[in-house]
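**Q**
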Amino acid sequence: LRAGVRACWPAIDEHDDLFHAVYMMGKEAYHLERGAYRSLNAVDELVRRCSRARTDADREPLDQQLNAAHIRMDEAIERYDRFEALRREAGQALELTDRGSGRLRTSAEVVDVLGRVAAEMTRLDGKRIRKVATYIGNRAEGLGKYLNGLAARLAAVTEEAGGEEVVRATTRAYQANLQVSQGGPPWDRRARRLELVDATRALVDITGRHPERLKRAIGAVMPELVHRHRASSAIENLNSVLRPYLVVQKHAEQGFLNLFRFHQNTRTRQWGRWKGTSAHEAVTGVKVDDWLSLLGFPPGEAFAAAA
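Every letter in the sequence shown is one number past the one before it in the numbering used here, and letter 258, counting from 1, is 406.
Written as structure tokens, this is what we have:
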């Protein structure tokens, strides 16, 4: 699919949403955590059985099993701890700013961190971990591109907001409020609330405690920060609409793909901003009532009467 998207739209600027990356890392962290707990339970069970053994002959094989279980437990815990540390590092890189700072991250910083995290994950044992690492590495550039557009939009409203320092203070307050609203792990919630208090005070101070300046800053910066792309990457969009057909057909030849593209371009959209129109109509101005009729296969009389 990636090769097909590049072939059809070579100049496309893909912006990947971070939902899939965060979801995949969280899902794998859950699997690794459960695996670590299973290894702990296995050790506890063997310890219990060893304590009940009455003779050395009964105890010796259990001791061997216990030694092997300890090794597996240590490996499982170490793998989970390392993956969790990398997951948190990647999650922090996907935040707009560092805690305590209003400086917007750059796309290059995100790509660098995610690329390094993906490389470190690849060194961990496990097929699922390598799959997550490959996904993160492939999506690093697309995940960072959002910041380029956001930086340009913030630069355009900097003068209206009251200067670069005001923009940074507003961005910091927005990020702090977002983290508090998300909740986060229990051990981090107090720090999040304190950061929100500090960020709010910094924003009020930098605007001179003047209500109008504060209102102007928030009104200029906040709409740019809350703006989000509804669509994901072109690859995921294509995959989402093509997958049901591939599940049925198991493969797709060029003729089917041509027909699929024609149908997608001429079908009447049932919801959204362009409801009641087709992509073909938007480009050519010609309304298409029935895509099969446009191909030269109008519906039969019985079908037309029933419709």
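Ideal Cβ placement from N, Cα and C applies to all residues, glycine included.
Between which two residues does the alpha helix (DSSP H) carrying ASP192 extend?
**A** 167-200
**Q** Where do the N-terminal and C-terminal ends of the alpha helix (DSSP H) with THR319 fall, by residue?
**A** 312-330
**Q** If the criterion is Cβ atoms closer than 8 Å, does the pair ASN325 and LEU295 meet it?
**A** Cβ atoms of ASN325 and LEU295: not closer than 8 Å.
**Q** Would you identify the three-state DSSP class for TRP419, choosing helix, strand or coil?
**A** coil
**Q** Counting C-beta neighbours from all protein chains within 10 Å, is the total for SER255 16 or more, i.e. buried, or is it exposed?
**A** buried
**Q** State the DSSP-derived secondary structure class of ARG253, mapped to helix, strand or coil.
**A** coil
**Q** Taking 8 Å as the limit between beta carbons, can you name the residues of its chain near VAL305, skipping five residues before and five after?
**A** VAL315, ALA368, VAL369 and GLU372
**Q** Between THR270 and the rest of its own chain, which residues show a CB-CB distance below 7 Å, the 5 nearest in sequence each way excluded?
**A** ARG278 and ALA281
**Q** Going along the chain, which residues of its own chain have a beta-carbon closer than 7 Å to the beta-carbon of GLU429, five neighbours each way excluded?
**A** LYS435 and VAL436.
**Q** Note down, in chain order, each residue of its chain lying with its Cβ closer than 7 Å to the Cβ of ARG415, except the 5 sequence neighbours on either side.
**A** Here the set comprises SER426 and TRP439.
**Q** Tell me the residue span of the alpha helix (DSSP H) that contains SER441.
**A** 439-443
**Q** If I follow the unbroken alpha helix (DSSP H) through PRO371, where does it start and stop?
**A** From DSSP, the alpha helix (DSSP H) with PRO371 extends over 359-374.
**Q** Are LEU210 and VAL191 closer than 8 Å when you measure CB to CB?
**A** no
**Q** My guess is that VAL265 and LEU234 are in contact by the Cβ rule of under 8 Å, so how many angstroms apart are they, rounded?
**A** 5 Å
**Q** Tell me which same chain residues have a C-beta within less than 7 Å of the C-beta of ALA224, skipping the five on either side of it?
**A** GLY183, ALA184 and SER187
**Q** Counting C-beta neighbours from all protein chains within 10 Å, is the total for ILE219 16 or more, i.e. buried, or is it exposed?
**A** exposed
**Q** Rank PRO446, TRP335 and LEU351 by C-alpha distance to the C-alpha of ALA321 and give the top, closest one.
**A** LEU351
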